[in-house]
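Q: In this note's numbering, the protein residues as written are 22 to 522.
Backbone N, C-alpha and C fix where the C-beta goes; we use that ideal spot for every residue, glycine too.
Note that the structure is a prediction, hence the values are computed from the model and not measured.
So that we are looking at the same thing, I have put the structure below in structure tokens.
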């Protein structure tokens, strides 16, 4: 079937879905509209443009590939940091980039803003009841178990050893041969394989050897597709209908059910292999071991599904976020030779002692290219946000670190410029920001446990690679992001490599 036919089918399906949803919500539509009207009467926040009944649904579907730009444009046009958005098939939503509000929902009034049902419905097929989708006691025991790993200093020494060894493999097996053949490499793909190998070994004791595997790995392919699908389910009420239509009219394409199956078979294989080794008397001290000896919220040992859920949740944290941070950082180093030259000089002079330049670079990268560009919460009770905005119980509240980081209202007239120097204060020390103004690692009780480890891994990778190699962009690339749960590059990052003198 041609692309044009597929597009036509999906367009017809969108119209049909809007009608179906209108019928489905007929009985309670009056109640929902009353809720929205009541909310808007009491709020100071403006409402995103839309249409009667269906709200902003057409705009969100049309701009789904550049959703964050659409949000930024709407906020700029309305001169606001917070806005309402209403879509048929979704509860009322508030989107904000106001640092005070972000701090409020992440810290000050944390108990009123858990992950909502829509998060579980959208991400559940991939992440189950893992740490990124759960609330209450389920979330607390998982965070407690994980914190033991990230807070043990001698275990972090093991982290450094693994990072260095995995980088040595990449340099020896991939970069050095490409210098001889003068062929380009996809730096973005290599970084994802490097971080996957590193975290799989550290967290689960598994040697995947993804970095040196020249074939496409089914898990990697399916995992990325599933994340993209979760994003669509979260932001589009017709996502599941689209999946059903594609499976009907494109029977030769792999379905989402297939990709989710591949991902869960991968995690289950890790669990079964570990249970076998434990039964044989082998001992471990990694993340998977911590969860295997833990008790869940019911006081019972974790079953295979619970262990598998945790594996997939932490792979997102351990693979995607750091790989994307490195990819966007090296991309900007290639765009700004002055910054690269200064960094290389400092690395050659001071490494492996503590150096500051890589940290300010990484912070600036995360400001403009946050690994989690938008996060969503759900309010349990009626509330008034710090700016006076009133929101009813059952409203979802989302904040976008991507839009915030590029807002001139928050970061000044040069907000969209890549300027690592902004992270140095008047005394020459690294400047710290509040979690509300720089929420790239979330905040409050849910602040990222592995943030220091991610920065450490990225610094080791930067120092190792920049001492040996000079990277340059392959001309004619379209470097942009792919709308997903995290912030991957849509078409990768093709680079040439030279030996550094």
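Do residue 343 and residue 475 have their C-beta atoms closer together than 7 Å?
A: yes
Q: Straight-line CA distance for residue 316 to residue 151?
A: 14 Å
Q: Distance, Cα to Cα, residue 381 vs residue 451?
A: Each residue's Cα considered, the two are about 7 Å apart.
Q: Can you tell me the Cβ-Cβ gap for residue 104 and residue 95, rounded? I've got them flagged as a contact below 8 Å.
A: Confirmed, about 6 Å.
Q: Enumerate in chain order the residues of its own chain whose CB-to-CB distance from residue 517 is below 6 Å, with the five nearest sequence positions on each side excluded.
A: 205, 493
Q: Less than 8 Å between C-beta atoms, sequence neighbours within five positions excluded: which residues of the same chain meet that for residue 289?
A: Exclusion of the five residues before and after residue 289 leaves 325, 329 as the residues of its chain whose Cβ lies within less than 8 Å of its Cβ.
Q: If you run the structure through DSSP and keep just helix, strand and coil, what is residue 518?
A: strand
Q: Per the contact definition of three or more C-beta pairs closer than 8 Å, is the region 118-127 in contact with the region 231-238?
A: no
Q: Among residues of its own chain, excluding the 5 on either side of residue 143, which ones have a beta-carbon nearer than 6 Å to its beta-carbon?
A: 251, 254, 255
Q: Can you give me the Cβ contacts of residue 111 inside the same chain, cut-off strictly under 7 Å, excluding the 5 residues immediately before and after it?
A: For residue 111, where only same-chain residues beyond five positions count, the Cβ hits under 7 Å are 258.
Q: If residue 419 sits next to residue 386, beta carbons under 8 Å apart, how far is it from one beta carbon to the other, in whole angstroms?
A: Not really, about 22 Å apart at Cβ, beyond 8 Å.
Q: Which residue comes first and which comes last in the beta strand (DSSP E) that contains residue 116?
A: 114-117
Q: Kindly indicate the opening and closing residues of the alpha helix (DSSP H) around residue 476.
A: 472-489
Q: Given a threshold of 16 other Cβ atoms within 10 Å of its Cβ, counted over all protein chains shown, does residue 510 qualify as buried or as exposed?
A: buried
Q: Where does the unbroken alpha helix (DSSP H) through residue 368 begin, and where does it stop?
A: 358-371
Q: With residue 244 as the anchor, note down where its alpha helix (DSSP H) starts and where it stops.
A: 239-256
Q: My output table needs one value for residue 462: the three-state DSSP class, helix, strand or coil.
A: coil
Q: Taking 7 Å as the threshold (C-beta atoms), are residue 392 and residue 501 in contact?
A: no
Q: So for residue 76, helix, strand or coil by DSSP?
A: Here residue 76 carries a strand assignment [DSSP, helix/strand/coil].
Q: What residue range does the beta strand (DSSP E) around residue 417 cover?
A: 417-421
Q: If you draw a straight line from the C-alpha of residue 520 to the C-alpha of residue 219, how long is it?
A: So the two alpha carbons sit approximately 25 Å from each other.
Q: When the Cα atoms are used, what is the spatial distance from residue 445 to residue 262?
A: 49 Å
Q: Are three or more beta carbon pairs between the region 343-357 and the region 304-318 nearer than 8 Å?
A: No: the two stretches stay apart, fewer than three of their Cβ pairs being nearer than 8 Å.
Q: I believe residue 515 touches residue 207 by the beta-carbon criterion, under 8 Å. Please report the beta-carbon distance rounded to the nearest angstrom.
A: 6 Å
Q: In three-state DSSP terms, what is residue 506?
A: coil
Q: Among the residues of its own chain, which have a CB less than 7 Å from the CB of residue 132, if the five just before and after it don't count?
A: none
Q: For residue 248 versus residue 505, is the C-beta spacing smaller than 7 Å?
A: yes
Q: Does the distance from the CB of residue 464 to the CB of residue 456 come in under 7 Å?
A: yes
Q: Buried or exposed: which applies to residue 453, given that a residue is buried once 16 or more other Cβ atoms fall within 10 Å of its Cβ?
A: exposed
Q: Which term fits residue 285, buried or exposed, when burial requires 16 or more other beta carbons within 10 angstroms of its beta carbon?
A: buried
Q: Thinking C-alpha only, which one of 146, 157, 118 is nearest residue 136?
A: 157
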